[in-house]
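Have a look at the structure below before the remarks.
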Ligand SMILES: *[C@@H]1O[C@H](CO)[C@@H](O)[C@H](O)[C@H]1NC(C)=O
Ligand SMILES: *[C@@H]1O[C@H](CO)[C@@H](O)[C@H](O)[C@H]1NC(C)=O
Ligand SMILES: *[C@@H]1O[C@H](CO)[C@@H](O)[C@H](O)[C@H]1NC(C)=O
């Protein structure tokens, strides 16, 4: 194959060569040979002949007599061109150069350059064509379009890269045109010559050794183009190769790691650090821009970087407590995208910007007041976000409260009580806690804990007074309020709610509740019944105040109720018998002297004091002036000696009056008989009932006798009985014996010492039959039950006892009215 190809090429080459050579020889042949037939003639001349140079003898060549030329008015007309390059010498018939002929100008690149003329002859008219062939001479040097060829080659161009250079131009053609190029010796390029399609030759710079802009920015080369003429001509051009920067250098940071410290809370805009990278490349390739290449989301909001200057500034609040160090990567990138990275580590330093915070881990809101000292009521935790020296925290309680802090594990403290609590003194506390750190300046924080003290029923109700005294006038209406007691309990709610009640006790054997009642809520004591001073004068009630706590607390107080007297009792005559029809008569000895005691009116008043202070007066008498009565003693005495002439029977009406307001009084009649012997009284019947019948008188006498006997008998029995026990106390000195049965009710029993018994006596009335058995008898309620009211109630046993007493009539007490 390759052999074939070579043969083919050779053949083609030979062929071409032959053809060219023939053409030349043919032309040459024409110049040399005789002009062609048909009257045409052709010449070949080199260009640039001097003016006047003879090209050839045209007359001779056309076989025309040169002497006839003038006559035949020979003219040379140039075909298509205005310029006359040639002319005819009429005298010699020579064709001469009339003008400078520059082939390169006339025909340029054309290989054949002909000047065509017509030679016109007249008489006879003859026309000949004349062709003058202009041959090239090497009269031009190769030249380049510009003096300096500027090439811009990127330094990144690889070995073998080709850079065509403008073709050199030579106006000549053929061998005289540019045939070769030479390149001045240099380090980087060699030359390669190429042929155009049109046969022109041009040079290419072939990169032999890579360029480095950073080493040599410009390479200057001298290119010479030479033609093939003889002598050879050449032209040169300077090739200025500008080495274009290839981005072959990466930016280089001044530090691989930038480590800076930054206090927290620095103002926005503070410069943190400036990173800088240098890039050996130029222009855009060397212009480094900076940006974060790897940065946390948090840091993104806190730092910014200036693209151009590499200044990193603060754009957000820097908080040590949030992050103590930031690390970011920064990329420095040149215009063409080559990049390198550096690392910036920002260590944040702590500033004491966080106050300690007090957390309440637990708290008993309501502490019972009974909690003993040392009771833990809560736990707090103190935290400070700052670190190191800003961290240690002191915690304390302000003010005077019975609480203190007890350090517990780590930053925990327990709040414990330091003393007894008393809700009634202080029911709540505001514990103000202070925590301060040791930074400078120190920061502190406060917290107020509200602790309320819950109630414990620790206070019994307390009465306003140690004891109460109430005064009630007798004969009060049932329901009257007697007194109001009050007890206070400082405890809370039900623990402090006081209820009053009476302590069940007995007054002379009767439950106290039948005397008074108390309003449980208000403490007002009411009388349940009407009191009778003559029955009892005072009694005591225990009032209990009890709170509603659990267990309840109580206290008691004594209320003494004093019943005050009212003049509600008229004096009662004990002797003489008050009944008007009684036949009691006092014997007055006839020999009685003035001043001798005749009789005595005995009266009592159940009231006391002035109400019972009795005074006696004789209202009416048979013989006024014979008897007087002691104003307060009631003793009736003879005022003068009894005379014979005095009426035997003397009647006195005596009034007994107490000193109450208003005073009450009663009257009685006293019958006196002046006689030494009862038998001497014949008209006894007249003493009493003057107008009664004899039968009635006898009956009366009989009755009086029986009565007198009976009374005497009773008196005797009583006297005997009491003498056996103790000497009975009689009201007066023995002149008249007063039967106990006649004493009115409601009198105190007297014992030997004459003092009032501690308990009052209650009397009962027996109403079992005849009037004569209508005695009073007294029983102590100490040994029996108390009638709730005036109605008699008694047990069967008592009733039988009473029956016995009634039966033999021997059980009577001697009653004495005592002055109080
Ligand atoms: C505690 O503080 C509250 C308000 O914060 C106040 O009403 C109350 O009176 C205070 N109590 C004491 C005992 O200081
Ligand atoms: C009353 O006191 C008891 C303890 O004695 C206590 O448990 C209770 O909570 C108190 N009641 C009030 C209403 O404070
Ligand atoms: C009444 O109070 C006294 C002390 O004040 C106490 O000793 C007594 O036991 C109390 N009585 C009753 C019945 O509670």
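Residue numbers (my numbering): 7 to 826. Even glycine gets a Cβ: it sits at the ideal position worked out from N, Cα and C.
With contacts defined by Cβ atoms closer than 8 Å, residue 176 and residue 148 form a contacting pair.
The C-alpha of residue 414 is placed about 20 Å away from the C-alpha of residue 444.
In the three-state scheme derived from DSSP, where H, G and I count as helix and E and B as strand, residue 704 is classed as helix. With contacts defined by Cβ atoms closer than 8 Å, residue 231 and residue 150 form a contacting pair.
Excluding the 5 residues flanking it on each side, residue 199 has same chain C-beta neighbours closer than 6 Å at 187, 207 and 209, in chain order. By DSSP's assignment, residue 338 forms a beta bridge with 296 and 346. Distances from the alpha-carbon of residue 371 to those of 471, 460 and 615 put 460 closest.
Around the beta carbon of residue 442, 16 or more other beta carbons lie within 10 angstroms, which makes this residue buried. The beta carbon of residue 278 is closer than 7 Å to those of 266, 268, 309, 318, 319, 320 and 352 in its chain, skipping five residues each way along the sequence.
Within the stretch 117-152, the complete beta strand (DSSP E) segments of 3 residues or longer fall at 120-127 and 132-141, listed in chain order. Annotated three-state conformation of residue 432 is coil, per DSSP.
When beta bridges are read from the DSSP output, residue 676 appears opposite 658. With a cut-off of 7 Å, the C-beta of residue 530 is classified as distant from ligand 3, since no heavy atom of the ligand falls inside that distance. The way I'd put it, the stretch 612-628 does touch the stretch 564-581; three or more beta-carbon pairs between them come closer than 8 Å. Distances from the CB of residue 435 to the heavy atoms of ligand 1 include at least one below 7 Å. In this structure, residue 388 sits away from residue 409, with a CB-CB distance that is not shorter than 8 Å. By the neighbour-count definition (other C-beta atoms within 10 Å, threshold 16), residue 501 is a buried residue. Any heavy atom of ligand 2 within less than 6 Å of a residue's beta carbon puts that residue on the list, which reads 460, 461, 462, 463, 498, 499, 500, 501 and 555. Approximately 13 Å separates the beta-carbon atoms of residue 341 and residue 283; this is outside 8 Å, ruling out the contact. Per DSSP, residue 81 lies in no alpha helix (DSSP H); the unbroken beta strand (DSSP E) holding it starts and ends at 81-84. The three-state reading of DSSP puts residue 196 in strand, counting E and B together.
The C-alpha of residue 536 is placed about 15 Å away from the C-alpha of residue 516. If you check the CB distance, residue 261 and residue 348 come in under 8 Å. Between residue 105 and the set 56, 237 and 141, the nearest pair of CA atoms involves 56. A Cβ-Cβ distance of about 5 Å is found for the pair residue 256 and residue 346, placing them in contact under the 8 Å criterion. Spanning the alpha carbons of residue 174 and residue 280 requires a straight line of approximately 56 Å. Shown here for residue 197: same chain residues with a beta carbon closer than 8 Å to its own, the five before and five after excluded, namely 187, 188, 189, 209, 210, 211, 212 and 229 in chain order.
Taking 8 Å as the upper bound for CB-CB distance, residue 518 and residue 532 are not in contact here, some 13 Å apart.
Per DSSP, residue 532 is one residue of the beta strand (DSSP E) stretching across 530-533.
Apart from the 5 residues on each side of it in sequence, residue 120 sits with its Cβ closer than 6 Å to the Cβ of 137 and 139 in its chain, given in chain order.
Selection 124, 559, 490 and 496 evaluated against residue 526 yields 490 as nearest (Cα-Cα). Between residue 102 and residue 74, the gap from beta carbon to beta carbon reaches 8 Å or more.
Residue 399 has its alpha-carbon roughly 10 Å from the corresponding atom of residue 364.
Between residue 564 and residue 473, the C-beta spacing is below 8 Å. Taken in chain order, the complete beta strand (DSSP E) segments of 3 or more residues contained in the stretch 204-258 are 207-213, 224-233 and 240-250.
Following the DSSP letters along the chain, one finds residue 265 inside the beta strand (DSSP E) bounded by residues 263-269.
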